[in-house]
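Following our numbering, the numbering of the sequence shown begins with 10 at its first residue and continues without gaps.
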Amino acid sequence: MALGFRKSARDSNRAGTEGQEAPQAARPERSVVLGEVEELGIGMFWATDAEDHLTFLSQRALADLGAESETLIGTPLTRVFLDVDDQGTGTAQRSLAFKLKARSKLDEQIVAVPTARGTNRWWRLNGRAMIDAKGQFQGYRGSAVDISAQYAYDTQVARQSQVDELTGLANRRKLNERLSAMLAAFRASKRSCALMMLDLDRFKQVNDTMGHPAGDELLKQVAQRLSKLVGNQGEVGRLGGDEFQVLLPDMDDRGSLGELANRIVQSISQPYQINGRRAIIGTSVGIAIAPYDGLEADELTRSADMALYSAKETRGGTFCFFTSELRDAASKTAMLGERLRDAVDREELKLAYQPLVDPETNEVKCFEALLRWHDGDAGDISPSHFIPIAENDDLIIRIGEMALRQACIDAMAWPDTIRVAVNVSAKQFIRPGFRKAVASALQASGLAPGRLELEITESVFVGDLESVDAIFRDLKKLGVRLALDDFGTGYSSLGYLKHGHFDKIKIDQSFVRGCTENGDINPAIITAIVALAKALGMETVAEGVEAMDELALVQDRGADLVQGYIFSKPITQDEVLAHFAEGAARFRPSGPPRHRAERITIFRKVGLIHEDHYYDVILRNLSKTGARINGLAGVPVGTEVVLDLGHGQLVVSKVVNVSENSQGLKFETQMISDGSGGFMTRHRISPYSLAEAGIPLAALGAGAFPLAKWREAHKSVPAFMQLELSAPGL
Ligand code: C2E
Ligand code: MG
Ligand code: MG
10 MALGFRKSAR
20 DSNRAGTEGQ
30 EAPQAARPER
40 SVVLGEVEEL
50 GIGMFWATDA
60 EDHLTFLSQR
70 ALADLGAESE
80 TLIGTPLTRV
90 FLDVDDQGTG
100 TAQRSLAFKL
110 KARSKLDEQI
120 VAVPTARGTN
130 RWWRLNGRAM
140 IDAKGQFQGY
150 RGSAVDISAQ
160 YAYDTQVARQ
170 SQVDELTGLA
180 NRRKLNERLS
190 AMLAAFRASK
200 RSCALMMLDL
210 DRFKQVNDTM
220 GHPAGDELLK
230 QVAQRLSKLV
240 GNQGEVGRLG
250 GDEFQVLLPD
260 MDDRGSLGEL
270 ANRIVQSISQ
280 PYQINGRRAI
290 IGTSVGIAIA
300 PYDGLEADEL
310 TRSADMALYS
320 AKETRGGTFC
330 FFTSELRDAA
340 SKTAMLGERL
350 RDAVDREELK
360 LAYQPLVDPE
370 TNEVKCFEAL
380 LRWHDGDAGD
390 ISPSHFIPIA
400 ENDDLIIRIG
410 EMALRQACID
420 AMAWPDTIRV
430 AVNVSAKQFI
440 RPGFRKAVAS
450 ALQASGLAPG
460 RLELEITESV
470 FVGDLESVDA
480 IFRDLKKLGV
490 RLALDDFGTG
500 YSSLGYLKHG
510 HFDKIKIDQS
520 FVRGCTENGD
530 INPAIITAIV
540 ALAKALGMET
550 VAEGVEAMDE
560 LALVQDRGAD
570 LVQGYIFSKP
580 ITQDEVLAHF
590 AEGAARFRPS
600 GPPRHRAERI
610 TIFRKVGLIH
620 EDHYYDVILR
630 NLSKTGARIN
640 GLAGVPVGTE
650 VVLDLGHGQL
660 VVSKVVNVSE
670 NSQGLKFETQ
680 MISDGSGGFM
690 TRHRISPYSL
700 AEAGIPLAAL
710 GAGAFPLAKW
720 REAHKSVPAF
730 MQLELSAPGL
């Protein structure tokens, strides 16, 4: 039997009658009873003075903690018993300090108790404040039960169900709960919320080549970078595998969301150090925003997933917003894959050649081979569309080898000073048989290796960089030339340029197009890339030059070669041969004098609101700053209108020029890029406002905004003449 008072527990076998502020419980008979209670493991006892300092801790409690009573007696209770975090175990409770201060009853209060061994025990406390006859507070008297085993188990279970073990981020379950709760709450207060889905590009490669522990380490580092970037703007979680999610409350500005997504893509693509080795991966991001793209958690999640799928398909390393068109696109892609396979079997894929020209002499130095596919139903399908589909399976290997063989054969018919460049997909490049395929294409055609140039994008620098290096060395031994394509768009790590793998850098079109516009920083970027390439002994090519002013600029900035519509679009082998047959190895530049703001030619029915009337019009083209429409007559210049581009995208505009039945509109605020070559508005009108206008919220599917329905509620006299919209397909 053992009860300890102020003195050391060991020399106080008899309960502390000598204790100064002896609590009532200290009478020997009672202490015997309490001692027995304690011996039986039913409970332990403690007491404090009026200053909340520990005055008593029973013997078993001391033994439990491996502590001497001297070290604990006199210590503030809040230093002996520590508050625990709510780990989702339902232990949400007010702090001990709060309760002591309020003199309130301690009712099953769970605390952590540090032991002398440096570990923690967990106790459940009961206790109450003692008030003497004069109403003076005398301190607490209480009991405790050790619940360590149960607590450890509970918290582990709770943690497992809420937290991703590997990264410490929220797990799928927690994210789902959070999203559902947030959407329900936000619906009441009409707030918005964005959901970003991330999927790492080529993570599998790191896992396969460097091992699973390295993969785990990589995921941890990705989690850290993400958490740092998102900060307190939202919640980051891991759904499993290489999928992450970010939940961003009160975010509906697609401009800032795009910027954040871009920063995420950039940051994740920076190299990682793993056990002393370098690895690079990328990420794609899909974004959906409630209430526009979904009102419920599962609907919003599906939308974000679809956007992610589309981002991955575009080329990876990008982000994409959900639009309702994506829903149809997903099923189209599957069909296209089938047709592509057939087309390859029937050898329907052809090559076209685009010249790379020296702008000083206009002499062609090289032709780039570009795949062309004409489908009976769908018409011409761009390689930037079907190559990613082919990359989903091994079809890319067949297509790639075909292009390689054919290009070498075709080049044999050209003057032998002219090189041929062939695009190589990253998937094709890192496959073991690639070197052999190149060697065999050279051998079969008899082309000198120095005339063959392989165009590779930055996306090959992923996974284990040492094995990528080995592939480069092998290819160099064959004597072929290597060009870095689309420079500046991808994983943007300059490290690999230093290895001297490349003979040539192709500056991506996005830096060239529009580089002559005022205030554009792209000329500075072009200058820097050219200088870098020169310093490292590489040739530079400016891609996508369309206008004379762009040609002058890239020439002035020192680009060695120019490729673009200004010299020629891609042409057939017959046309190439005809060119040489005329004895000319030159291409003359011809094109518009100046770059024009990018306009997308469209033919789509949209709405136009003027005063209280809703008209149908046809959108002919669209740029960031304006649009051209058809379908109305008698609209004077200066008229203020609102263009309804669908899905809640309303654009306040002014008519700036008119010609017969067509009007040019200038937008009040600029559109933003949608990440995949189109434009969209920064904000959308909320379906909540539509609901207020009488359209029931539940009737709105994801992304569907039948604004035109408004017109029924707005029967009004039109100010302009609505023309028949008789265009095909409308
Ligand atoms: P890329 O290798 O960057 O090729 C340049 C693309 O830019 C070509 O598009 C070309 O037609 C286009 N282009 C060139 N000059 C201009 C210009 O002045 N203005 C505009 N607007 N565009 C210009 P294309 O033929 O549609 O090819 C797209 C992409 O598809 C290529 O980009 C390449 O990444 C891929 N690709 C094409 N053929 C192959 C192939 O045989 N294998 C692989 N793996 N990828 C290929
Ligand atoms: Mg290329
Ligand atoms: Mg390119």
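Positions of the beta carbon are idealized from the N, C-alpha and C atoms, including for glycine.
Looking at residue 8 and ligand 2, is the gap between the Cβ and the nearest heavy atom below 8 Å? An answer regarding residue 8 cannot be provided, because it is not within the stretch 10 to 739 covered by the chain.
Those residues which DSSP pairs with residue 515 across a bridge: 550
Are the beta-carbon atoms belonging to residue 657 and residue 732 less than 9 Å from one another? no
Whole angstroms are fine: how far does the CA of residue 368 sit from the CA of residue 458? 25 Å
Contacts around residue 33, its chain only, beta-carbon distance under 7 Å, and the 5 residues preceding and following it disregarded: Confidence in residue 33 is poor, its pLDDT being 49 and thus under 50, which makes the residue's placement unreliable; the coordinate value appears in the next sentence. Answer for residue 33: no residue qualifies.
Can you tell me the Cα-Cα spacing of residue 729 and residue 265, whole angstroms? 37 Å
Quick one: grab the DSSP three-state call for residue 679. coil
Member of 292, 674, 288, 482 whose CA lies at the smallest distance from the CA of residue 277: 292
With distances taken from CA atoms, which of 462, 474, 470 is nearest residue 513? 462
Cβ of residue 436 within 9 Å of Cβ of residue 390? no
Fully enclosed by the segment 88-128, which alpha helix (DSSP H) runs are 4 residues long or longer? 105-111
Assumed close pair residue 476, residue 218 - CB separation to whole angstroms, cut-off 8 Å: 6 Å
Is residue 432 near ligand 1, judged by its Cβ being under 8 Å from some heavy atom? yes
For residue 552, collect the residues of the same chain with a Cβ closer than 7 Å to its Cβ; drop the 5 residues on either side in sequence, then sort them by chain order. 515, 516, 517, 518, 521, 572, 573
Run the CB neighbour count on residue 712, radius 10 Å, all protein chains shown included, and call it buried at 16 or more, exposed below. Bear in mind that a pLDDT of 42 at residue 712, under 50, signals an unreliable position, so the model cannot answer this.
Could you check whether the Cβ of residue 393 sits closer than 8 Å to any heavy atom belonging to ligand 1? yes
Buried or exposed, going by whether 16 or more other CB atoms sit within 10 Å of the CB of residue 330? buried
From 649, 317, 494, residue whose alpha carbon lies closest to that of residue 210: 317
So residue 360 packs on residue 415, CB below 8 Å; how close in whole Å? 6 Å
Cα separation between residue 746 and residue 634? Within the shown structure, residues of the chain are numbered from 10 to 739, placing residue 746 beyond reach of any answer.
Does the segment 186-197 come close enough to the segment 303-318 that 3 or more CB-CB pairs lie under 8 Å? yes
For residue 253, is the classification buried or exposed, using 16 other Cβ atoms within 10 angstroms of its Cβ as the cut-off for buried? buried
Go ahead and pull the three-state DSSP assignment for residue 530. coil
Can you check the segment 635-675 for any beta strand (DSSP E) of at least 3 residues that lies completely inside it and give the ranges in chain order? 635-639, 649-653, 659-668
From residue 182 to residue 172, what distance separates their C-alpha atoms? 9 Å
Please tell me whether, using a cut-off of 8 Å, the distance from the CB of residue 364 to the nearest non-hydrogen atom of ligand 1 is below it. no
Rounding to the nearest angstrom, what Cα-Cα distance links residue 432 and residue 443 in this structure? 13 Å
By the DSSP assignment, the beta strand (DSSP E) with residue 180 in it spans what residues? Careful: residue 180 lies outside any beta strand (DSSP E) and carries neither H nor E.
Go through its chain and collect everything with a Cβ distance to residue 375's Cβ below 6 Å, but skip five positions before and after it. 365, 428, 430
Do residue 80 and residue 62 have their C-beta atoms within less than 9 Å of each other? no
Can you tell me where the beta strand (DSSP E) with residue 323 in it begins and where it stops? It is not in any beta strand (DSSP E) - residue 323 instead sits in the alpha helix (DSSP H) that spans 306-323.
Three-state secondary structure (DSSP) at residue 35? Confidence in residue 35 is poor, its pLDDT being 46 and thus under 50, which makes the residue's placement too unreliable to answer from.
Look up residue 731 in the DSSP assignment and give the residues it is bridged to. 641
Inter-residue spacing [alpha-carbon to alpha-carbon] between residue 660 and residue 690: 7 Å
Report the three-state DSSP secondary structure of residue 508 (helix, strand or coil). helix
Report yes if the CB atom of residue 629 is closer than 9 Å to the CB atom of residue 611, and no otherwise. yes
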